[in-house]
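Take a look at the structure below.
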Amino acid sequence: MTAVLEKPEVAATAPPASRPLAPRGVGKKLLVYLLLIAGAIPTLLPLVWLVRSALMDSGQIFVSPPQWIPKPFAWDNFSGALTQVPFARYFLNTLIIEAGVLVGTVLSCSLAAFSFARLRWKHKNLVFGILMSGVMLPYAVTLIPTFLFWQKLGLVNTYVPLILPHWFGTGVFNIFLLRQFFLSIPYELDESAYIDGATPLQVYWRIILPLSKPALAVVSVFTFLGVWNDYLGPLIYLNDSDKYTLAMGLASFQGTYTAQWGYLMAAAAVVLLPIVLLFAFAQKYFVEGIALTGLKG
Amino acid sequence: MASSPMKQEARWGVLLALPAIIGFVAFTFLPMIASAVISLTDWTIGAAPKFVGFANYTRMFTADDSFFKSLWATLYYTLGAVPLLLIVAFAVALLLNQPVRGQGVFRVIYYLPAIVPIVANSMLWIWLFNPDFGLLNTLTEKAGLPRSQWIFDESTAIPSLILMSVWGFGNVAVIFLAGLQGVPRQLYEAIAVDGGGAWRKFRHITLPMMTPTIFYSLVTSVIGALQVFVQAAVMTEGGPNDSTLFYIYYLYRTAFTNNEMGYASALAWVLFLVIMAVTVVLFRNSSRWVYYEAGSTR
Amino acid sequence: MTSSGLTRRQLLRTGGVAVAAAGLGPAVLAGCGGSDDAGGTGGPLSFMYWGSAFEKKAIDEMLKKYGKEHDGAKVDPMYVPVSNYPTKVSSLVAANTPPDLAYLGTGQMYDLAQKDLILNLFPYLDKYPELKDRLPSSYFWYGKDKLAANQLAMGVQILYYNTDAFKAAGIDPAPFTADTAWSWDDFVQAADKLTVDQNGKHPSEDGFDSGKVKQFGTIAPIGGAPLYSLLRSNGGDMVNEDGTKFALDSAAAIDVLKKVQDLIYVHRVAPSPAQLGKNAPTTSVQLQTKRVGMIIDGNWTLLDLMESKVPFGVAVLPKFKEPLTMTGGAAGAIFAKTKHPEEAIELYLYYNDPEHVDLFKDGLWAPLQKKYYTDQAEIDKWVLKDKYPANFKTAVVDTTLKNGVTDWGQQIKNADRIHQVLDPALEQISLNKGAPVDIVKALKPKMQALLQGKWPLQEL
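Those protein sequence lines, which keep their order, are chains A, B and C. Residue 275 in our numbering is what sits at position 275 of the first sequence, and the numbering runs on without skipping anything. Residue 46 in our numbering is what sits at position 46 of the second sequence, and the numbering runs on without skipping anything. Residue 295 in our numbering is what sits at position 295 of the third sequence, and the numbering runs on without skipping anything.
Spelled out as structure tokens, the structure:
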């Protein structure tokens with residue numbers, strides 16, 4: 001089921017891949033800019049809306065026709081949101097889970113992907129296909145059986161059920177993605193290492209991983225976002241509000257009877273900020289990196 | 001090191017894949033089997049399950065309007081959202097791949113929507129859709145277009161949610177962008193020598209070289225769209241008049257509001273089979289349009 | 001489930017490795033301990049609840065205070081955001097580790113009670129006579145001598161209005177005693193005066209632009225507690241006396257549905273559901289921004305209103321035949337599995353008491369005990385004179401006692417599923433997708449199929 005998904009292999013024999021040729025002429029460049037800006041407006045508008053709502057008091061938020069400029073700037077939405085919910089605590093908790101999940105995912109998925117992409121063993125394509133079927137199973141239905149499993153182990157109300165599965169390659173999309181990537185790395189590299197007496201583990205660690213930083217960055221960012229946004233997992237497994245995560249903190253602004261809209265939007269903005277920064281940092285790696293590592297050569 | 005290199009390689013292969021295999025067995029396969037068994041029972045949480053054979057499945061196809069309604073709503077959403085999402089993401093990726101100054105900034109901007117936490121995103125869009133003080137009607141009015149009722153009308157509710165999903169094109173665009181960067185430069189150069197224009201380059205190099213990436217995104221997006229949930233849970237509660245009663249939302253409600261675990265598990269298995277069937281169809285057809293060089297599987 | 005071949009120790013060790021690898025070992029390991037105490041399997045009591053961040057603070061403080069006043073008894077608060085609350089309850093019950101005390105939605109509470117998972121309070125009534133001193137409508141019975149719970153607080157419907165908007169429209173303050181309640185026509189008339197478009201015209205005047213309304217008179221009460229109050233006021237109901245027959249198709253009920261729908265589409269004094277928006281502005285915001293002049297809503301809205309400094313008044317609901325208001329609320333229950341039933345009941349009584357929980361004085365909750373409605377000195381303990389609006393006593397406290405009708409959902413069996421059928425139909429009415437009589441006709445067989453009667457009532 002997977003063979004068709006492989007990347008074109010032209011790369012293996014071709015000189016380094018790179019960006020397409022630079023647009024020629026000023027006119028073309030101008031057109032690119034125009035399009036980029038035209039696209040950026042609808043992309044950003046909802047976020048501008050979020051920020052303006054975070055800075056308005058609720059009286060002004062719901063005025064029709066809507067207004068764009070907060071008057072006055074309700075900075076206390078932020079202080080209110082940040083004091084009503086212990087964000088620092090939740091932030092730390094979320095980071096702990098993030099760290100555990102990230103390391104586990106990157107290790108277990110890349111090891112599995114390495115095995116599926118670059119080692120020969122019986123039935124591996126069959127096994128890979130079966131693993132992939134996991135993504136088709138709706139999460140809601142394994143919720144209770146899985147919960148009972150962790151309960152039996154006495155690990156409910158700890159971070160273990162939220163972290164440990166990720167050390168066992170449960171993010172199968174990641175295995176898929178990494179395998180795709182590993183397939184495109186020339187085999188000559190491995191072979192010369194094996195001739196020098198390296199073990200597969202050494203090949204994985206010294207050759208494949210360093211060449212795969214962009215793909216690993218993609219996997220990391222997706223994984224990070226998944227944990228950052230996960231709400232149902234912490235809700236089910238954690239009982240102490242001291243252990244709660246940011247996503248749960250965000251949900252608590254939606255009460256039974258009332259929603260504190262200004263606070264909610266301010267809190268959303270606060271939760272959003274770290275990942276914006278993370279992406280600003282990571283995008284260099286995971287997009288430009290592919291070209292820069294020259295791994296196609 | 002008595003064993004042959006081949007055998008050794010196989011051993012390593014199994015060993016390195018082992019964590020993932022164990023993880024699959026423990027966290028996917030066993031719960032899957034459990035849910036299959038549960039689907040043959042009448043089980044409400046807190047009581048003992050009663051074996052009922054295939055009664056849950058019979059009920060689904062003979063006595064449950066909501067089942068068909070939710071299946072239809074989900075397919076409608078998927079058919080609308082996935083193609084649009086892929087086209088927009090592809091266009092954006094092409095743009096972001098142009099080597100111009102400020103490229104990094106634009107990449108961050110275009111990716112932003114994808115990183116808004118899902119719950120916050122839903123809250124935000126409830127507002128944007130508000131016919132009176134929401135952003136969208138303000139814009140359509142300025143453009144001289146008629147006001148829409150967006151998620152508040154049966155006929156526009158799903159299209160509205162499709163629009164919202166397209167806004168989160170960032171994740172797919174990033175994958176496309178990575179794919180575009182992998183297209184070997186000399187292929188473009190070859191066509192440039194032949195005097196080919198931009199369209200020819202796109203049509204004969206970019207597009208074919210991108211088909212594996214497009215295919216990957218198609219499969220993952222379809223699987224994701226068929227499991228759409230949060231929008232229904234947070235924004236519409238399945239309404240108006242059950243028009244956005246998406247399958248997983250219906251399943252979730254069956255399991256946790258109506259406390260019918262057996263029936264919910266049966267629903268899950270049917271969806272599982274539907275997704276499987278769709279995926280198989282996609283794979284079957286892929287050989288017609290997905291371009292790949294002769295197999296390199298070792 | 002354990003056939004993956006991992007022992008618990010191995011799992012723990014691997015988890016520890018995971019964490020150590022991340023360089024954050026101590027922090028997580030601290031977070032890993034003590035799981036056996038949670039979930040009510042022993043040790044301290046656990047108290048599971050939902051609510052806003054504001055409510056969370058109030059409940060956590062109450063539990064701390066309880067501990068201090070009871071020899072350092074420890075109560076573990078288990079706060080769960082409301083949006084997936086039933087899921088959390090289900091998983092804890094499935095694992096056989098329910099909390100000791102919990103808020104519960106009515107449907108889930110009855111479901112659990114039926115399976116004997118909720119502590120029957122009946123045998124404890126003699127030992128804890130305070131349990132008997134509540135408004136009769138606040139009890140949930142699930143069989144003869146089987147008392148599952150009380151409401152966690154009393155909820156009641158009120159007509160709120162912006163006093164500035166009333167002044168500007170030249171309307172006298174809305175009536176605040178049951179015997180002077182507005183007729184429906186009075187209500188519509190007031191709503192017409194309150195509704196103005198951007199040119200200052202009222203709906204009853206020529207040239208009124210319903211697309212550019214600056215201020216609406218009210219919000220059409222099509223659904224939930226406001227609708228049920230009006231249905232009963234006109235002698236109608238959702239179901240018959242014993243809950244076995246659909247009754248929304250009675251002439252009296254259709255009359256109410258039609259009149260309520262007319263607020264939007266004939267009198268044009270109320271926004272359509274689309275204009276109103278889903279999930280968006282709460283009553284306090286609607287009144288504060290003068291988007292709407294008056295709204296029927298629950299007493300819990302007082303919390304926001306009193307915080308927001310909106311000039312507002314409270315009044316009795318308009319009447320059809322009789323002046324009525326619906327009372328109701330979610331359940332507060334104790335799980336049968338608790339190892340400390342008596343301590344749990346003591347905590348239960350404690351958090352039901354306005355003397356211990358600020359949420360009563362803040363306006364979110366109304367008390368359950370009769371004395372807080374009948375004895376002026378007791379009333380003063382929660383209806384704070386400098387905080388609550390004038391006339392709150394006659395408009396709300398008195399009507400709760402004398403004009404209250406109990407939420408039909410409090411007693412009907414299969415309530416959750418019934419609502420899944422009923423609510424879309426009511427939505428159709430509010431969207432003007434047809435005449436109420438036709439929509440109700442189509443609804444009848446679907447809903448009739450779900451009716452299974454009512455849970456019993458019992459005198460104390």
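Cβ atoms here follow ideal geometry from the backbone N, Cα and C, with glycine treated the same way. Being a predicted model, the structure only gives us computed values, none of them experimental.
Does residue i have its Cβ less than 8 Å from a Cβ in chain A?
i: TRP12(B); result: yes
i: LEU354(B); result: Nothing about residue 354(B) can be read from this structure; chain B reaches only from 1 to 298.
i: SER83(C); result: yes
i: GLY168(B); result: no
i: TYR79(C); result: yes
i: ARG291(C); result: yes
Kindly say whether residue i, judged by its beta-carbon, lies nearer than 8 Å to any beta-carbon of chain C.
i: THR257(B); result: yes
i: GLY171(A); result: no
i: ASN121(B); result: no
i: SER241(A); result: yes
i: LEU225(A); result: no
i: GLN367(A); result: Given a span of 1 to 297 for chain A in the structure shown, any question on residue 367(A) remains unanswerable.
Taking Cβ positions only, does residue i come closer than 8 Å to chain B?
i: GLU427(C); result: yes
i: MET136(A); result: yes
i: VAL276(A); result: yes
i: PHE69(A); result: For the record, residue 69(A) in the displayed sequence is Ile; it is not Phe. Chain B, which has no Cβ nearer than 8 Å to the Cβ of ILE69(A), makes this no.
i: GLN283(A); result: yes
i: TYR87(C); result: Looking at the sequence shown, residue 87(C) is not Tyr but Thr. At least one chain B Cβ lies under 8 Å of THR87(C).
i: ASP416(C); result: yes
i: VAL32(A); result: yes
If you follow the alpha helix (DSSP H) that residue i is part of, which residue opens it and which one closes it?
i: LYS65(C); result: 53-69
i: TYR263(B); result: 261-289
i: TRP72(B); result: 65-96
i: VAL174(B); result: 170-181
Here's the rule: buried if 16 or more other CB atoms are within 10 angstroms of the residue's CB, otherwise exposed. What is residue i?
i: HIS123(A); result: exposed
i: TYR187(A); result: exposed
i: GLU191(A); result: exposed
i: GLN84(A); result: buried
i: PHE54(B); result: exposed
i: MET306(C); result: buried
i: ARG200(B); result: exposed
i: GLN458(C); result: exposed
i: GLN202(A); result: exposed
i: GLU322(C); result: exposed
i: PRO234(A); result: buried
i: PRO98(C); result: buried
i: SER115(A); result: buried
i: LYS309(C); result: exposed
Could you tell me whether any Cβ in chain E is nearer than 8 Å to the Cβ of residue i?
i: PHE68(B); result: Within the model displayed, chain E is absent; protein chains A, B and C are what it includes.
With residue i and residue j assumed to form a contact (beta carbons below 8 Å), what rounded beta-carbon distance in angstroms separates them?
i: VAL89(C); j: GLN108(C); result: 6 Å
i: ILE254(C); j: VAL440(C); result: 6 Å
i: ALA81(A); j: ALA266(A); result: 4 Å
i: GLY262(A); j: THR223(A); result: Actually they do not touch by this definition, with Cβ atoms about 32 Å apart.
i: LYS444(C); j: ILE412(C); result: So it is not a contact: roughly 16 Å between Cβ atoms.
i: VAL92(B); j: PHE169(B); result: 6 Å
Go to residue i, then tell me how far its beta strand (DSSP E) extends in each direction, as first and last residue.
i: GLN202(A); result: Here GLN202(A) belongs to no beta strand (DSSP E); instead the alpha helix (DSSP H) covers 200-203.
i: SER217(B); result: From DSSP, SER217(B) is part of no beta strand (DSSP E) but of the alpha helix (DSSP H) over 207-226.
i: SER46(C); result: 45-49
- Any chance you could list the alpha helix (DSSP H) runs of at least 4 consecutive residues sitting entirely within the region 48-89 of chain A, in chain order? 58-61, 76-84
- Entirely within the region 214-262 of chain A and at least 4 residues each: give me those alpha helix (DSSP H) ranges in chain order. 232-237, 246-251
- Residue ranges of each beta strand (DSSP E) within the region 118-158 of chain B, 3 or longer: none
- For the region 172-250 of chain C, which segments carrying the alpha helix (DSSP H) assignment without a break, of at least 4 residues, lie completely within its bounds, in sequence order? 184-194, 224-233
- Message: What ranges does the beta strand (DSSP E) occupy inside the region 314-385 of chain C, keeping only unbroken runs of at least 3 residues that lie completely in it?
- Response: 325-328, 331-334
- Item | beta strand (DSSP E) segments (min. 3 residues) lying fully within the region 390-453 of chain C | 404-406
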